[in-house]
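Working notes, beginning with the structure itself.
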Amino acid sequence: MEDFLPLNGTDHVEFIVGNAKQVAHYYKTAFGFQDLAYAGLETGVQDRTSYVLRQDKIVLVITSPLIPESPLHDHLRQHGDGVKNIALWVDDARKSWEETTQRGAESAFEPYEISDEHGTAVLSGIKTYGDTVHVFVERNNYRGAFLPGYKPLNREHQPAPVGLKFIDHMVGNVNWGEMNKWADFYARVMGFTQLISFDDKDISTDYTALMSKVMSNGNGRVKFPINEPAEGKKKSQIEEYINFYRGSGVQHIAVATDNIVETVTALKERGVEFLYVPNTYYQDILERVGPIEEDLEPLQRLGILIDRDEDGYLLQLFTKPIMDRPTVFFEIIQRRGAKSFGKGNFKALFESIEREQALRGTL
Ligand code: FE2
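If you want it as structure tokens, here you go:
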């Protein structure tokens with residue numbers, strides 16, 4: 000069957016934040032992103048500032064409102080700093096909008112063309128869970144730094160990258176009872192297929208439970224796991240997220256590296272904080288996951304988790320929330336063949352998250 004929504008990959012992820020200048024500095028200094036482009040007062044934009052940062056194929060847009068009338072304030076008031084737009088790179092933004100809205104997607108904005116001296120881009124958008132939007136970006140006739148309206152940015156202060164390559168997957172937390180609705184949305188409206196499903200028997204500790212379905216587009220370049228809280232003895236991390244984000248939204252962005260030991264070492268040196276697993280996790284780890292190419296010592300020292308599936312293994316580690324509210328975090332992942340998402344680590348991980356929740360008084 001022909002893919003009615005062919006996606007070339009993730010185009011960019013746009014955060015709405017309180018102070019874009021300082022948040023952009025954080026992603027450069029702590030995560031090794033590089034200046035790419037800028038829009039704001041100096042480029043004739045009166046109501047917002049956007050910094051565009053890049054590391055290999057990962058592009059982040061960090062945006063703040065400049066005037067009190069800006070609707071971006073509604074996003075900030077509700078959600079705090081968070082992800083507003085998951086932009087997808089397409090060859091035809093008009094057709095993408097038509098195919099998805101015909102199948103029931105609610106339009107965020109109709110297709111429009113935007114041009115400058117470097118060419119033309121076409122943008123359109125549909126709404127997904129919460130206030131999150133999928134922007135379709137057609138840029139095959141555009142040669143500028145980012146998109147029309149943005150000027151190239153290349154400031155003197157430029158910390159080195161840390162080896163992040165591309166977005167492996169992006170997870171949405173959705174409200175109670177809504178996982179199937181949104182899994183069905185990705186299947187019906189966007190033509191995705193379901194890779195995996197977990198229920199609360201797979202993913203639970205004494206306290207925390209959740210359910211998850213992993214949705215993937217046809218060529219596998221875009222994967223969206225969808226989590227829903229499940230009843231546990233205490234408040235799960237998904238429920239904590241929903242409470243603080245005031246509804247459904249992006250929970251984590253998993254970014255891939257070819258060398259997780261080097262990447263995590265650099266991130267820790269720059270002050271990125273990670274979840275901590277107890278040393279007991281490593282006691283019989285190689286019996287659980289089988290032989291791996293890496294030395295165990297640096298993995299254990301850095302707290303990197305290991306999991307295996309029928310295709311191979313993966314190494315992963317999760318940051319603490321990077322917002323003031325306990326909402327969005329990053330995952331660093333290195334795949335050695337494995338196509339799954341670290342199910343074997345969920346229990347150890349959730350116990351780690353519960354320790355953090357207990358400190359916040361939200362367990
Ligand atoms: Fe993940």
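Note that numbering that gives the first Met the number 0 numbers the sequence shown so that position 247 is 246, with each residue one more than the last.
The beta carbon of each residue, even a glycine, is placed where N, CA and C say it ideally should be.
From a predicted model like this one, the values you see are computed outputs, not experimental measurements.
Using only CA atoms, which one of the options lies nearest to residue i?
| i | options | result |
| --- | --- | --- |
| ASP55 | TYR280, GLN33 and ASP73 | GLN33 |
| SER215 | PHE223, LEU209 and SER339 | PHE223 |
| GLU116 | PRO147, SER196 and GLU1 | PRO147 |
| ASN242 | ARG102, VAL89, THR42 and ASN172 | ASN172 |
| PRO64 | ARG154, ILE85, LEU87 and GLY39 | GLY39 |
| ARG363 | ALA104, LEU362 and SER114 | The structure shown does not extend to residue 363, since the chain spans only 0 to 362, so no value can be given for it. |
| ILE225 | PHE340, ILE66 and ALA144 | PHE340 |
| GLU1 | GLY289, GLU41, PHE191 and THR62 | PHE191 |
| ARG269 | TYR26, VAL188 and MET322 | TYR26 |
| SER211 | VAL221, GLU177, GLY231 and ARG187 | GLU177 |
| THR264 | GLU97, LEU4, LEU122 and LEU163 | LEU163 |
Taking residue i and residue j to be in contact with their CB atoms under 8 Å, please state how far apart those CB atoms are, rounded to whole angstroms.
| i | j | result |
| --- | --- | --- |
| TYR149 | ALA36 | 4 Å |
| VAL271 | ALA23 | About 16 Å separates the two Cβ atoms, so there is no contact after all. |
| PRO325 | THR361 | 7 Å |
| ILE85 | VAL12 | 6 Å |
Specify the secondary structure class of residue i as computed by DSSP and reduced to three states.
| i | result |
| --- | --- |
| PRO64 | strand |
| VAL363 | One cannot answer for residue 363 here, as it falls past the ends of the chain, which runs 0 to 362. |
| LEU298 | helix |
| ARG287 | helix |
| ALA337 | coil |
| HIS74 | helix |
| PHE108 | strand |
| ALA38 | strand |
| PHE32 | coil |
| ILE225 | strand |
| TYR275 | coil |
| TYR141 | strand |
Tell me residue i's beta-bridge partners as DSSP assigns them.
| i | result |
| --- | --- |
| ILE305 | LEU314 |
Hey, could you find the ends of the beta strand (DSSP E) residue i is sitting in?
| i | result |
| --- | --- |
| ALA253 | 248 to 256 |
| VAL51 | 47 to 54 |
Tell me where the alpha helix (DSSP H) around residue i begins and ends.
| i | result |
| --- | --- |
| MET178 | 178 to 187 |
| LEU266 | 259 to 268 |
| ILE237 | 236 to 244 |
| SER95 | 92 to 101 |
| ARG354 | 345 to 359 |
**OP:** Report all residues for which the CB-ligand distance to some heavy atom of ligand 2 is below 6 Å; order them along the chain.
**Re:** Among the ligands in the structure shown, ligand 2 does not appear; only ligand 1 can be found there.
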